[in-house]
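Peer 1: Start counting the sequence shown at 2; every next residue gets the next number (our numbering).
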Amino acid sequence: MGHKVNSVDGRAGDVDLSAVRTFTKEYRVPAGKAGTYMVTRLPVACTAIAVRAYRAGGTGGTVNAQRNGGDLLAEPLATVTDAWAGWTHLQNAVFAAGDALSVVTAAPAGSPAEVVVQVDFRVNP
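Okay, structure coming up:
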């Protein structure tokens with residue numbers, strides 16, 4: 002069910018407001034240091050739909066993302082030098098408003114300049 006609107010040219014029509022809204026949160030780990038980093042507190046109920054990582058330089062390392070301390074990926078995601086890696090099969094993916102998102106980096110080798118961890122979300126209805 003849409004809402005009736007009139008466009009600037011005077012035509013009437015329906016607007017579909019059922020489109021899925023998505024957003025992304027990312028964290029840049031300076032100098033690719035291992036550790037757990039708090040990213041944000043989610044302001045709305047949402048579902049994580051993907052975790053992606055980019056490693057600039059270096060030779061290795063893994064990442065994960067967490068909801069209130071629980072891993073989103075069953076196994077850490079291996080990073081790739083100067084390329085994006087990603088995974089969409091997540092666990093603990095449903096966030097309530099107020100839940101915390103953090104990222105975990107482990108064993109970045111070869112002194113990467115930085116590691117970027119990105120989590121994509123879909124807003125729950």
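A virtual CB, placed ideally from N, CA and C, is assigned to each residue, including glycine.
(1) Taking 7 Å as the cut-off, decide whether the C-beta atoms of V40 and V124 are in contact.
(2) From the DSSP output, which residues share a beta bridge with K34?
(3) With burial defined as no fewer than 16 other Cβ atoms inside 10 Å of the residue's Cβ, what is the status of N69: buried or exposed?
(4) Should F122 go down as buried or exposed, given a rule of 16 or more other Cβ atoms within 10 Å for buried?
(5) Could you name the residues that DSSP lists as bridge partners for E27?
(6) Output the residue ranges of the beta strand (DSSP E) runs that lie fully inside the stretch 67 to 98 and measure 3 residues or longer, sorted by chain position.
(7) Give the range of the beta strand (DSSP E) segment to which A51 is assigned.
(8) Out of A35, C47, G36, point me to the one whose CA is closest to R22's CA.
Peer 2: The structure says:
(1) Contact flag unset, no.
(2) Looking at the DSSP output, K34 bridges to nothing.
(3) Here N69 is exposed. Its C-beta has fewer than 16 other C-beta atoms within 10 Å.
(4) That one is buried.
(5) For E27, which the question treats as bridged, DSSP gives the partners Q119.
(6) For the stretch 67 to 98, whole beta strand (DSSP E) runs of length 3 or above, ordered along the chain, are 85 to 88.
(7) Residues 47 to 57.
(8) Relative to R22, the option among A35, C47, G36 whose CA is nearest is C47.
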